[in-house]
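Student: Protein sequence lines correspond, in order, to chains X and G. The first sequence begins at 0 in numbering that gives the first Met the number 0 and counts up by one. The second sequence begins at 0 in numbering that gives the first Met the number 0 and counts up by one.
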Amino acid sequence: MRTEHPLKAYLTAGTIISSLGATTEENMRHIRAYRSGIRLLDDPALYEAPFMGARIERDEREGEADALSGYTRLERLFIASLSGVIDRSGIDPTGADCLLILSTTKGNIDRLSADAPREAILLSPMAQKVADYFHLSHPPLVVSTACISGVSALIAAYRLVMEGRYRRVLVAGGDLLTRFVATGFQSFKSIGAERCRPYDKRRDGLSLGEASGAVLVTAERDDVRDHLPIVIEGGAVTNDAHHISAPSRTGEGLRAAVLQAMGEAGVQPGDISFVNAHGTATVYNDEMESKAFHLSGLDALPLNSLKPFWGHTLGASGVIETVACMEELCSGEVFGTLGFEAAGTTYPLNLSDRHRSMPLRRCLKTASGFGGCNAAIVLALEAEAKPHVKLPHVKLPPLQAHLIRRCTVERGRVVRDGTIIFHATGGEAFPSFIREAYAHLALDDRRFYKMDDLCKLGYIAAAYLLSGIDWASRYKPEETGIILSNASSSLDTDIRHQQVIEALGDKEASPAVFVYTLPNVVMGELCIRYNIRGENTFFITPAYDPELIKRYALLAMKRQKLQACLAGWCEYLDGHYCAQLEWIERIK
Amino acid sequence: MEQLKQELKEALIEALNLEDITPDEIEDGAPLFGAQGLGLDSIDALEIILLLERRYGIRIENPSEGKAIFYSVDTLTAYIEANRKP
Numbered sequence: 000m001r002t003e004h005p006l007k008a009y010l011t012a013g014t015i016i017s018s019l020g021a022t023t024e025e026n027m028r029h030i031r032a033y034r035s036g037i038r039l040l041d042d043p044a045l046y047e048a049p050f051m052g053a054r055i056e057r058d059e060r061e062g063e064a065d066a067l068s069g070y071t072r073l074e075r076l077f078i079a080s081l082s083g084v085i086d087r088s089g090i091d092p093t094g095a096d097c098l099l100i101l102s103t104t105k106g107n108i109d110r111l112s113a114d115a116p117r118e119a120i121l122l123s124p125m126a127q128k129v130a131d132y133f134h135l136s137h138p139p140l141v142v143s144t145a146c147i148s149g150v151s152a153l154i155a156a157y158r159l160v161m162e163g164r165y166r167r168v169l170v171a172g173g174d175l176l177t178r179f180v181a182t183g184f185q186s187f188k189s190i191g192a193e194r195c196r197p198y199d200k201r202r203d204g205l206s207l208g209e210a211s212g213a214v215l216v217t218a219e220r221d222d223v224r225d226h227l228p229i230v231i232e233g234g235a236v237t238n239d240a241h242h243i244s245a246p247s248r249t250g251e252g253l254r255a256a257v258l259q260a261m262g263e264a265g266v267q268p269g270d271i272s273f274v275n276a277h278g279t280a281t282v283y284n285d286e287m288e289s290k291a292f293h294l295s296g297l298d299a300l301p302l303n304s305l306k307p308f309w310g311h312t313l314g315a316s317g318v319i320e321t322v323a324c325m326e327e328l329c330s331g332e333v334f335g336t337l338g339f340e341a342a343g344t345t346y347p348l349n350l351s352d353r354h355r356s357m358p359l360r361r362c363l364k365t366a367s368g369f370g371g372c373n374a375a376i377v378l379a380l381e382a383e384a385k386p387h388v389k390l391p392h393v394k395l396p397p398l399q400a401h402l403i404r405r406c407t408v409e410r411g412r413v414v415r416d417g418t419i420i421f422h423a424t425g426g427e428a429f430p431s432f433i434r435e436a437y438a439h440l441a442l443d444d445r446r447f448y449k450m451d452d453l454c455k456l457g458y459i460a461a462a463y464l465l466s467g468i469d470w471a472s473r474y475k476p477e478e479t480g481i482i483l484s485n486a487s488s489s490l491d492t493d494i495r496h497q498q499v500i501e502a503l504g505d506k507e508a509s510p511a512v513f514v515y516t517l518p519n520v521v522m523g524e525l526c527i528r529y530n531i532r533g534e535n536t537f538f539i540t541p542a543y544d545p546e547l548i549k550r551y552a553l554l555a556m557k558r559q560k561l562q563a564c565l566a567g568w569c570e571y572l573d574g575h576y577c578a579q580l581e582w583i584e585r586i587k
Numbered sequence: 000m001e002q003l004k005q006e007l008k009e010a011l012i013e014a015l016n017l018e019d020i021t022p023d024e025i026e027d028g029a030p031l032f033g034a035q036g037l038g039l040d041s042i043d044a045l046e047i048i049l050l051l052e053r054r055y056g057i058r059i060e061n062p063s064e065g066k067a068i069f070y071s072v073d074t075l076t077a078y079i080e081a082n083r084k085p
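#1: For threonine 74/G and asparagine 82/G, I'd like the C-alpha separation in whole angstroms.
#2: Would a C-beta distance cut-off of 8 angstroms place asparagine 373/X and isoleucine 147/X closer than the cut-off?
#3: In angstroms, rounded to a whole number, what distance separates the CA positions of threonine 249/X and arginine 532/X?
#4: Out of curiosity, what's the CA-to-CA distance linking aspartate 41/X and arginine 201/X?
#5: What are the boundary residues of the alpha helix (DSSP H) that arginine 415/X is part of?
#6: Could you name the residues of chain X that serine 41/G contacts, counting a contact when the two beta carbons are closer than 8 angstroms?
#7: For glycine 296/X and methionine 0/G, I'd like the C-alpha separation in whole angstroms.
#8: Applying the 10 Å Cβ sphere with the 16-neighbour rule, what's the burial state of glycine 89/X?
#9: Alpha carbon to alpha carbon, how far is phenylalanine 187/X from isoleucine 108/X? Give it in angstroms, no decimals.
#10: Taking a Cβ distance cut-off of 9 angstroms, strictly less, list which residues of the stretch 0-26 of chain G are near chain X, in chain order.
#11: Counting only beta-carbon separations shorter than 8 angstroms, does valine 514/X have a partner in chain G?
#12: By the three-class DSSP mapping on this structure, what secondary structure does arginine 1/X have?
#13: Of the residues Ala115/X, Gly335/X, Asp222/X and Ala511/X, which one's Cα is nearest the Cα of arginine 31/X?
#14: Suppose contacts are defined by Cβ-Cβ distances below 8 angstroms. Is serine 304/X in contact with glycine 343/X by that definition?
#15: With a CB to CB cut of under 6 angstroms and the five nearest residues on each side skipped, what residues in its chain are close to arginine 196/X?
#16: Reducing DSSP to helix, strand and coil, say where lysine 506/X ends up.
#17: Can you find a CB in chain X that lies within less than 8 angstroms of the CB of proline 62/G?
#18: In chain order, what are the residue ranges of uninterrupted beta strand (DSSP E) at least 3 long that sit wholly in the stretch 172-245 of chain X?
#19: Residues of chain X with CB under 9 angstroms from glycine 56/G, in chain order?
#20: Taking the alpha-carbon of proline 62/G as reference, which of Tyr55/G, Ile47/G and Val72/G has the nearest alpha-carbon?
#21: Contact check, valine 170/X vs alanine 156/X under 8 angstroms by CB: the rounded distance?
#22: Using the beta-carbon of each residue, which ones in chain G are nearer than 7 angstroms to arginine 445/X?
#23: Taking C-alpha atoms, which residue in Leu302/X, Leu98/X, Ser272/X and Ser211/X lies nearest to tyrosine 198/X?
#24: State the DSSP-derived secondary structure class of lysine 105/X, mapped to helix, strand or coil.
#25: Tell me which same chain residues have a C-beta within less than 7 angstroms of the C-beta of asparagine 485/X, skipping the five on either side of it?
#26: Does the stretch 218-225 of chain X come close enough to the stretch 65-79 of chain X to have 3 or more Cβ pairs within less than 8 angstroms?
#27: I want to see whether chain G comes within less than 8 angstroms of leucine 205/X, judged by CB atoms only; does it?
#28: Which first and last residues belong to the beta strand (DSSP E) in which alanine 400/X is found?
#29: Looking at arginine 254/X and leucine 300/X, is the spacing between their C-beta atoms short of 8 angstroms?
#30: Determine which residues of the stretch 442-470 of chain X have a Cβ less than 9 angstroms from any Cβ of chain G, and write them out in chain order.
#31: Short of 6 angstroms in beta carbon distance, which residues of its chain neighbour glycine 83/X, apart from the five on each side in sequence? Order them along the chain.
#32: Flag this pair as yes or no: are the beta carbons of alanine 53/X and serine 102/X separated by less than 8 angstroms?
#33: Kindly indicate if chain G contains any beta-carbon less than 8 angstroms away from that of phenylalanine 187/X.
#34: Pull up the DSSP beta-bridge partners for alanine 589/X, would you.
#35: Using the three-state DSSP reduction, which class does serine 466/X fall into: helix, strand or coil?
#36: Could you tell me the alpha carbon to alpha carbon distance between isoleucine 190/X and proline 49/X, rounded to whole angstroms?
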């Protein structure tokens with residue numbers, strides 16, 4: 000059944016599986032009772048010393064153990080949360096109008112060991128297994144943009160539905176609390192001694208968590224069955240162009256994401272009822288957020304962070320926290336930030352450790368992550384939602400973009416627009432090739448030597464791609480963005496991190512290695528190098544799909560300020576390398 | 000002391016991937032962090048903490064303590080001399 004009213008992206012049937020329970024209801028009941036899933040984890044298999052974290056203790060879907068025996072722990076969690084969404088909405092997910100987007104930072108990383116087959120860790124086969132379980136028509140998309148992955152995947156779903164490309168997009172986010180992640184965050188000294196206390200004077204770091212959450216983004220109002228209809232009104236992703244791990248000192252990047260998302264929604268700060276922020280409780284993240292909310296004129300609004308309930312659940316956090324926002328909007332309560340006592344940020348925010356009842360109509364959800372990325376999304380009760388200006392039956396001329404230049408780096412060669420512009424004399428092996436290319440470009444950038452191989456590849460490819468194009472004088476930094484993809488995520492560096500902790504011990508984990516165990520950090524490096532501050536999304540696909548990436552760039556251009564975009568493929572694993580980058584500019 | 004400085008410079012170059020720099024180019028009193036110095040950042044500071052633990056048995060729990068200690072090769076060597084486990 001096709002709806003006749005203006006196209007909207009409804010959000011419904013949110014399902015949460017976390018340390019607080021296997022259903023959304025159970026999770027909400029515990030939150031309402033001020034119960035946290037975070038406790039002292041004393042498990043040498045996770046980390047050699049006890050630390051604060053939130054784990055899913057009982058095995059999910061025990062009754063179906065046989066049917067799901069061929070699936071990993073994370074795959075079972077994805078299947079369980081998606082089953083919840085399908086049951087609650089009553090949709091048939093097998094239709095050609097339905098797509099699945101998975102959001103994860105590390106996927107099946109718990110399976111990574113010295114002798115594990117690489118295929119067991121790759122994200123696309125994992126997503127395909129989950130999609131096949133439900134007999135979906137389309138291959139799933141995977142978004143892996145660090146800690147903004149969940150919000151980023153929701154924005155992608157929103158854009159695809161509003162474009163009319165799919166009627167329904169299932170979004171599932173999931174990540175596990177593993178030794179890999181625990182040792183990495185410990186090496187960053189990011190884990191607090193006590194349960195995390197976002198924005199508080201006494202905050203001293205985050206608490207890790209694990210979860211899976213799923214939700215349906217749909218153009219069909221009839222899919223919304225058991226709650227007030229909620230719509231996504233806008234969303235935006237930006238980059239700080241400041242540092243690959245440290246939050247911006249100014250909050251400018253998050254502010255830009257917030258303002259762009261509100262701009263798309265057509266709302267002002269006064270139209271927002273509350274903010275659900277990222278609030279990890281690291282000193283610098285929360286400080287950055289306080290500045291960003293102050294700059295956006297949002298610091299007086301009721302605000303919360305749900306990390307004290309679930310911990311930081313990485314690629315799941317954006318999804319499960321958005322599901323909580325939906326519950327809050329429907330029930331007219333802003334959940335408390337458990338444990339908050341006294342403001343510990345430059346600009347005090349409107350926080351409470353208690354749940355607050357009040358009439359709610361619209362909320363802003365934000366996230367920020369490694370690689371300097373930020374994301375913001377606006378959700379509203381439908382009755383309150385502003386009508387979209389552009390009606391879908393008014394056919395707009397198709398947006399067009401120029402392909403300005405294309406550059407491919409592989410097998411010891413750099414090919415630009417069909418011409419070989421560099422051919423390594425020392426052979427095609429990556430270490431010698433990349434040094435030779437760097438010398439050939441005559442660059443002097445100390446950051447280069449610090450990068451992992453995936454980033455070095457992206458850096459060199461981008462340098463050849465962009466040399467001589469004077470785009471910085473024509474576009475503002477926030478009008479430029481990066482959309483990249485690859486098959487093996489950051490697996491090459493993941494293996495290095497795993498080797499270090501297996502060979503030397505948990506406390507020997509290197510922060511300079513761990514920071515590169517996220518594929519979007521290559522975008523972070525490029526944003527710093529070229530002062531690119533707009534759209535940032537990293538997709539994982541089995542092979543390069545130029546159409547998909549270009550289409551997504553066009554979607555971002557249509558819905559955001561994006562005018563020019565670096566897009567393509569950047570893949571590195573076990574010495575095999577291939578980068579295919581394009582510079583695309585919008586035709587005005 | 001001089002030997003420790005030389006050893007430390009070599010260790011820093013290796014641990015922090017400063018491939019384009021030789022020990023002689025690192026001045027004893029020059030700032031390691033920030034644009035005027037070697038341009039080290041917060042990740043480098045964490046790596047230096049690891050290095051101190053591994054090589055000299057010195058533990059720095061709070062990274063913010065490191066700021067004064069890590070100012071230069073001079074300040075670092077003085078700290079190591081004063082705190083290293085025999």
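Don't be surprised by glycine CBs; every beta carbon is placed ideally from N, CA and C. These figures come from a predicted structure and were not determined experimentally.
Tutor: Once the coordinates are examined:
#1: Each residue's Cα considered, the two are about 12 angstroms apart.
#2: A Cβ-Cβ contact shorter than 8 angstroms links asparagine 373/X with isoleucine 147/X.
#3: Approximately 14 angstroms between the Cα atoms of the pair.
#4: The straight-line gap from Cα to Cα measures roughly 23 angstroms.
#5: Element bounds for arginine 415/X: not the alpha helix (DSSP H) but the beta strand (DSSP E), 412-415.
#6: Those within 8 angstroms of serine 41/G in chain X are His242, Ser244 and Ala245.
#7: Rounded to the nearest angstrom, the two C-alpha atoms are 55 angstroms apart.
#8: Classification of glycine 89/X: exposed, given that the 10 Å Cβ count is below 16.
#9: Going from the Cα of isoleucine 108/X to the Cα of phenylalanine 187/X covers about 19 angstroms.
#10: Going along the stretch 0-26 of chain G in chain order, one finds Ala14, Leu15, Asn16, Leu17, Glu18, Asp19 and Ile20 with a Cβ nearer than 9 angstroms to chain X.
#11: Chain G contact via Cβ: present.
#12: Summary for arginine 1/X: the model assigns pLDDT 46, below 50, so the residue's position carries little reliability, and this model does not support an answer.
#13: Nearest C-alpha to arginine 31/X: Gly335/X.
#14: With respect to the 8 angstroms criterion, serine 304/X and glycine 343/X are not classified as neighbours on the basis of their beta carbons.
#15: Hits under 6 angstroms: Arg202, Ala280 and Gly338.
#16: Helix at lysine 506/X.
#17: At least one CB atom of chain X sits nearer than 8 angstroms to the CB of proline 62/G.
#18: Listed in chain order, they are 210-217 and 229-238.
#19: Listed along chain X is no residue with a C-beta nearer than 9 angstroms to that of glycine 56/G; the closest approach is about 13 angstroms.
#20: Of Tyr55/G, Ile47/G and Val72/G, the smallest CA-CA separation from proline 62/G is found for Ile47/G.
#21: With a beta-carbon spacing of about 5 angstroms, valine 170/X and alanine 156/X fall inside the 8 angstroms limit used to define contacts.
#22: The contacting residues are Asp19 and Gly38.
#23: When only C-alpha atoms are compared, the closest one is Leu302/X.
#24: Reduced to three states, the DSSP call for lysine 105/X is coil.
#25: The answer, listed in chain order, is Pro518, Ile539, Trp568, Cys569 and Glu570.
#26: Using a Cβ-Cβ distance cut-off of 8 angstroms, the stretch 218-225 of chain X and the stretch 65-79 of chain X are not in contact, since fewer than three pairs of beta carbons, one from each stretch, lie closer than that value.
#27: With 8 angstroms as the cut-off, leucine 205/X does not count as an interface residue toward chain G.
#28: If you look at alanine 400/X, you'll find it in the beta strand (DSSP E) that goes 400-409.
#29: It is not a contact, given that the beta carbons lie outside the stated cut-off.
#30: Cβ contacts with chain G: Asp443, Arg445, Arg446, Phe447, Tyr448, Lys449 and Met450.
#31: Excluding positions up to five away in sequence, the list reads Thr14.
#32: Taking 8 angstroms as the cut-off, the Cβ atoms of alanine 53/X and serine 102/X do not count as close.
#33: By this cut-off, phenylalanine 187/X is an interface position.
#34: Only positions 0 to 587 of chain X appear in this structure, which leaves residue 589/X out of reach.
#35: Coil, per DSSP.
#36: In a straight line, the C-alpha of isoleucine 190/X is about 11 angstroms away from that of proline 49/X.
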